[in-house]
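Asks:
Number of protein chains: 2
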Amino acid sequence: MADEVKLYGFDESPFACRIRIVLNLKGIKYDFVVEDLFNKSADLLKNNPVNKTVPVLLHKGNPISESLVIIEYLDDVWKEVPILPEDAYRKGQDRFWAKFIDDKCTPALLKTFSCRGEEQALSEAHEQLQFLENELEGKKFFGGDNINVVDIAATTIAFWLGAAEEALGIKVLTKDKFPKITEWSANYINCQVVKDNLPTKENLVAGFKKLFGVA
Amino acid sequence: MADEVKLYGFDESPFACRIRIVLNLKGIKYDFVVEDLFNKSADLLKNNPVNKTVPVLLHKGNPISESLVIIEYLDDVWKEVPILPEDAYRKGQDRFWAKFIDDKCTPALLKTFSCRGEEQALSEAHEQLQFLENELEGKKFFGGDNINVVDIAATTIAFWLGAAEEALGIKVLTKDKFPKITEWSANYINCQVVKDNLPTKENLVAGFKKLFGVA
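If you're matching them up, the sequences are chains A and B in order.
Just so we're aligned: the first sequence equals residues 1 to 215 in the UniProt record's numbering.
Just so we're aligned: the second sequence equals residues 1 to 215 in the UniProt record's numbering.
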């Protein structure tokens, strides 16, 4: 079966990491093809001519890209260990929050780091994070007792955010302001399936220093 | 049943228009609550505290927002006249293209108008449109013989784009460069269910003139 599913990514990609977590949760065997974004393979460009980036999933030779689209696809094909809830309304809510993390929360966080923690940007990032803080009210994970698509989308917040904070010496997610997200992060990255697929923090910190031009 | 489904929107919103088309295609009765974005109702803000905008769908009192998320929800609950295909791979592809329209194509078009048709921005918009042109190869609609989620997402391109072009006197979608999108646009806005839900072009042109500061 190993040649049936192929994932193009690289260790430090949070979006490829999402897919690796789902593949592992569902027990799907796959080949991981490591891509160098500075020297993309012809295969990657052929399989993702629109975005020209990772992750790309190849299933039986058919390519699919965009991490949230890939997660829905995996959930549609492999029914074991569902990542999205069965109930249509809860599913809609989870889709909303996963999209929120990509469209609103992550850009606000990136802007904060680009602006080196400038007050207005930080306040906007806090405003977005507060919505997630509220969503965790009374829950261990966004998915309740088990992780789901929102938790997996928020992998960036659980792990990449801390590395960016360390690289730039800026604290965005304070325990004081966001006790629930802080607790959730610790629980989430402690899940074996998550832990197994995270890159080393040193590499991420070095990557963020390069990205944001920090010596 | 009319009090079961409520849609908050306004006539000129392309995102609310998407939902009206889906509701009509599926024969779902609903109340349309007209919102004024300069004076938002307390109900709108209560039901969409994150994005604070339309469209919001209220079903049995439960709010849901983000047009593509609402479309998936409607398709999950009302199975008649499916908007997304049954096949998991085709469904993934359609989700990819609908997302592409919102994340890549529409921002490139808006940038072109903001830059008053500046060459580099226009060339980037053309690059994105070319992907859609290729997708229409051998098909009447993105969905094949019938309209689907990609057609509905592309309502902006079929109708709003022409109004923006008229408002600013800039032609982006030329018949010469994009014969298939041009033909598709004509076919699409001619579908009764689409035609019935479009705003008047005059209002849109006036709106775009205001948005882009054109006298």
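C-beta atoms are modelled at their ideal positions from N, C-alpha and C, and glycine is treated no differently.
#1: Please work out which residues of its chain come closer than 6 Å, Cβ to Cβ, to Y73/A, disregarding the five sequence neighbours upstream and downstream, and give them in chain order.
#2: Along chain A, which residues have their Cβ under 8 Å away from the Cβ of I64/B?
#3: Using the rule of at least 16 other Cβ atoms within 10 Å of the residue's Cβ for burial, across every protein chain shown, is D196/B buried or exposed?
#4: Whether or not the segment 19 to 34 of chain B and the segment 75 to 86 of chain B are in contact is what I'm after, with contact meaning three or more pairs of Cβ atoms, one per stretch, closer than 8 Å; do they touch?
#5: Excluding five sequence neighbours on each side, which residues of the same chain lie with their C-beta closer than 8 Å to the C-beta of N187/A?
#6: Note down, in chain order, every chain B residue with its Cβ under 7 Å from the Cβ of V69/A.
#7: State the start and end residues of the unbroken beta strand (DSSP E) segment that holds V205/B.
#8: Counting only beta-carbon atoms, is Y188/B nearer than 8 Å to chain A?
#9: Give a yes or no on whether the minimum CB-CB distance between D145/B and chain A is below 8 Å.
#10: Mind checking the segment 41 to 59 of chain B against chain E and listing, in chain order, the residues whose C-beta falls within less than 7 Å of any C-beta there?
#11: Answer with yes or no whether the minimum CB distance from K111/B to chain A is below 8 Å.
#12: Between which two residues does the alpha helix (DSSP H) holding V193/A run?
#13: Counting C-beta neighbours from all protein chains within 10 Å, is the total for P107/B 16 or more, i.e. buried, or is it exposed?
#14: Does DSSP put K140/A in a helix, in a strand, or in coil?
#15: Taking Y8/A as the query, report the chain B residues whose CB atoms sit under 8 Å from its CB, ordered along the chain.
#16: The alpha helix (DSSP H) that contains Y8/A, what's its start and end?
#17: Tell me, to the nearest whole angstrom, how far the beta carbon of P55/A is from that of A16/A; I am working on the premise that it is less than 8 Å.
#18: Within 8 Å (strictly less), CB to CB, does F15/B reach chain A?
#19: What in chain B is Cβ-close to Y30/A, meaning under 9 Å?
#20: So what does DSSP say about M1/A, is it helix, strand or coil?
#21: What is the DSSP secondary structure of P63/A, counted as helix, strand or coil?
#22: Taking only beta-carbon atoms, is V22/A less than 8 Å away from chain B?
#23: Using a threshold of 8 Å, state whether the C-beta atoms of F208/B and A167/B are closer than that.
#24: Counting along the chain, where does the beta strand (DSSP E) carrying D31/B start and finish?
#25: Are the Cβ atoms of A153/B and R18/B separated by less than 8 Å?
#26: Using a beta-carbon distance cut-off of less than 7 Å, what residues from the segment 69 to 83 of chain B approach chain A?
#27: Among all the DSSP beta bridges, which residues are the ones paired with L25/A?
#28: V56/B bridges to which residues according to DSSP?
#29: Got a sec: which bits of the segment 137 to 168 of chain B sit with their beta carbon under 9 Å from any beta carbon on chain A, in order along the chain?
#30: Suppose you measure from the CA of N39/A to the CA of N51/A; what does that come to, to the nearest Å?
#31: Which bits of chain A does F131/B rub up against, with CB to CB less than 9 Å?
#32: Grab the span of the alpha helix (DSSP H) containing E86/A for me, first residue to last.
#33: Consult DSSP for A42/A and reduce its assignment to one of helix, strand or coil.
#34: Using beta-carbon positions only, say whether A206/A and V172/A come within less than 8 Å of one another.
Replies: For this structure:
#1: I64
#2: Y89, G92, Q93, F96
#3: exposed
#4: yes
#5: K140, F141
#6: G92, R95, F96, K99
#7: Not the beta strand (DSSP E): V205/B falls in the alpha helix (DSSP H), residues 201 to 211.
#8: no
#9: no
#10: Going by chain labels, chain E is absent from the structure shown, which instead holds the protein chains A and B.
#11: Answer no: the Cβ-Cβ gap between K111/B and chain A never drops below 8 Å.
#12: For V193/A, the enclosing alpha helix (DSSP H) starts and ends at 192 to 195.
#13: exposed
#14: coil
#15: What Y8/A touches in chain B: nothing, since even the nearest Cβ is about 15 Å away.
#16: First-last for Y8/A: 5 to 9, but that is the beta strand (DSSP E), not the alpha helix (DSSP H).
#17: 4 Å
#18: no
#19: Those do not exist, as Y30/A stays about 16 Å from chain B at its closest Cβ, beyond 9 Å.
#20: With a pLDDT of only 47 at M1/A, under 50, the local geometry of the prediction cannot be trusted, and the value read off the model is given with reservation. Note: M1/A maps to coil in three-state DSSP.
#21: strand
#22: no
#23: yes
#24: For D31/B, the enclosing beta strand (DSSP E) starts and ends at 31 to 34.
#25: Yes, the Cβ-Cβ distance between A153/B and R18/B is below 8 Å.
#26: If the cut-off is 7 Å between Cβ atoms, the segment 69 to 83 of chain B has V69, E72, Y73, D76, V77 near chain A.
#27: Beta-bridge pairing links L25/A to no other residue.
#28: Checking the DSSP bridge columns, you'll see V56/B partnered with Y8/B, S65/B.
#29: none
#30: 15 Å
#31: P49, V50
#32: Segment: none, E86/A is in no alpha helix (DSSP H) and carries neither H nor E.
#33: helix
#34: Going by C-beta atoms, A206/A is not nearer than 8 Å to V172/A.
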